[in-house]
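The next block holds one structure in the form of structure tokens; read it before the comments.
Numbering (our numbering), first residue to last: 1 to 263.
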């Protein structure tokens, strides 16, 4: 699969069925979180994220593998900061920070505020953690981003044929009676990791169950010594957009209203 097709960026879709987006920064070593640290972060984020709650367990955003970090019974998993007008949230954990947006139901629900808002929220949280950390702040070694779209349909093979280019399809699945899950992940020659997953799910919207397919795309890279972690995340975002444009079909671009945007 050639995932390095050149496209005019950034992309903008009028009708993209996006339901989640997340950016994440992983630290080289864990930070010992305390209530003092989390409360100090809240004070610094309160103007945009006024609500704080403790995480009952490590939070894993879409498109990201489970963490291998094990916490002792006396260690705080972290906190999530919400209440943002754009529907964003920030999760702070001992070795991972995540800025996340999830689509909400209702006519007044905030629309996806675009990558820049996610990125700026993540780096603000990183800066806050470094300010209040009780130990020398560890450097960021991995950055990644993921998008999740939901396509309402019970016909997996038909969805694959209509919405995805030949680069993203498994030929045998085109004639399948039902598609349960297709997943692939690999590393590009320049060291950037890519992942896609197409999975049958049932979404719960209030009291209604909706059958469809969750389509996840994710991209990440290790941040080498001397490289800017912020530049690395921008590179990941650009690659993820190009990857997405490369694997969806012309029908998808038409149905989802692909435009060009300067935002």
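No residue lacks a Cβ here, since even glycine has one placed at the ideal position from N, Cα and C.
Does DSSP put residue i in a helix, a strand or coil?
i           : result
residue 93  : strand
residue 109 : coil
residue 101 : strand
residue 11  : strand
residue 236 : helix
residue 25  : strand
residue 152 : strand
residue 43  : helix
residue 16  : coil
residue 259 : strand
residue 254 : helix
residue 146 : strand
residue 88  : strand
Could you pull the DSSP bridge partners for residue i from this structure?
i           : result
residue 51  : 82
residue 195 : 185, 218
residue 203 : 210
residue 37  : Answer by DSSP bridge pairing: none, since residue 37 is not bridged.
residue 247 : Answer is none; residue 247 lacks a bridge partner.
residue 141 : None, per the DSSP bridge assignment.
Going by other Cβ atoms of all chains shown within 10 Å of its Cβ, with 16 needed for buried, is residue i buried or exposed?
i           : result
residue 210 : exposed
residue 158 : exposed
residue 66  : Because the pLDDT of residue 66 is 47, which lies under 50, any placement of that residue in the model is unreliable, and the number read from its coordinates should be weighed accordingly. Exposed, by the Cβ-count rule.
residue 301 : Summary: the structure shown does not reach residue 301, with the chain confined to residues 1 through 263, and so no result is reported for it.
residue 78  : buried
residue 81  : buried
residue 35  : exposed
residue 89  : buried
residue 184 : exposed
residue 221 : buried
residue 156 : buried
residue 125 : buried
residue 135 : exposed
residue 176 : exposed
residue 93  : buried
Thinking residue i and residue j are a contact (beta carbons under 8 Å), I'd like their distance in whole angstroms, please.
i           : j           : result
residue 55  : residue 91  : 7 Å
residue 168 : residue 194 : At roughly 11 Å, the Cβ-Cβ gap does not stay under 8 Å, so residue 168 and residue 194 are not in contact.
residue 259 : residue 12  : 4 Å
residue 143 : residue 233 : 4 Å
residue 110 : residue 85  : 7 Å
residue 17  : residue 151 : 6 Å
residue 105 : residue 205 : 6 Å
residue 248 : residue 121 : Actually they do not touch by this definition, with Cβ atoms about 27 Å apart.
residue 37  : residue 133 : 7 Å
residue 128 : residue 46  : Not really, about 11 Å apart at Cβ, beyond 8 Å.
residue 252 : residue 163 : 4 Å
residue 15  : residue 229 : So it is not a contact: roughly 33 Å between Cβ atoms.
residue 83  : residue 137 : Between residue 137 and residue 83 the Cβ distance is about 26 Å, and since that is not below 8 Å, they are no contact.
Per the contact definition of three or more C-beta pairs closer than 8 Å, is the stretch 225 to 241 in contact with the stretch 141 to 151?
-> yes
Answer yes if the stretch 185 to 203 comes into contact with the stretch 213 to 228, meaning at least three C-beta pairs across the two stretches below 8 Å, and no otherwise.
-> yes
Kindly confirm or deny that the stretch 10 to 25 and the stretch 85 to 102 touch, where touching means at least three C-beta pairs closer than 8 Å.
-> yes
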